[in-house]
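>
Residue numbers (the working numbering): 194 to 240.
1) Can you list, in chain order, the residues of its chain with a C-beta nearer than 7 Å to that of residue 222? Leave out the 5 residues immediately preceding and following it.
2) To the nearest angstrom, how far is it from the Cα of residue 183 to the Cα of residue 202?
3) Quick one: what's got a C-beta closer than 8 Å to residue 214's C-beta in the same chain, skipping five residues either side?
4) Hey, out of 195, 194, 218, whose CA is closest to residue 232's CA?
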């Protein structure tokens, strides 16, 4: 499943979900690299 995270205040990374950490951060993989950051709130879509 693809997930988008933010690293710092203005960098976003989209990659394959690896795991959720106890502190609420998410780990994603892009190629051979892994990134840890805060998950992006997807919000609700209008009907």
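Where a beta carbon is used, it is the ideal one built from N, C-alpha and C, also for glycine.
Please read all numbers here as calculations on a predicted model, not as lab measurements.
Looking at the coordinates:
1) Walking along the chain shown from the start, residue 222 turns up at place 29. Answer for residue 222: 208, 209, 211, listed in chain order.
2) Any property of residue 183 remains undetermined from this structure, which presents the chain solely from 194 to 240.
3) Sequence index remark: in the chain shown, residue 214 carries index 21 (1-based). Hits under 8 Å: 220, 229.
4) Within the chain shown, residue 232 is the residue found at index 39, counting from 1. Closest option to residue 232, Cα to Cα, is 218.
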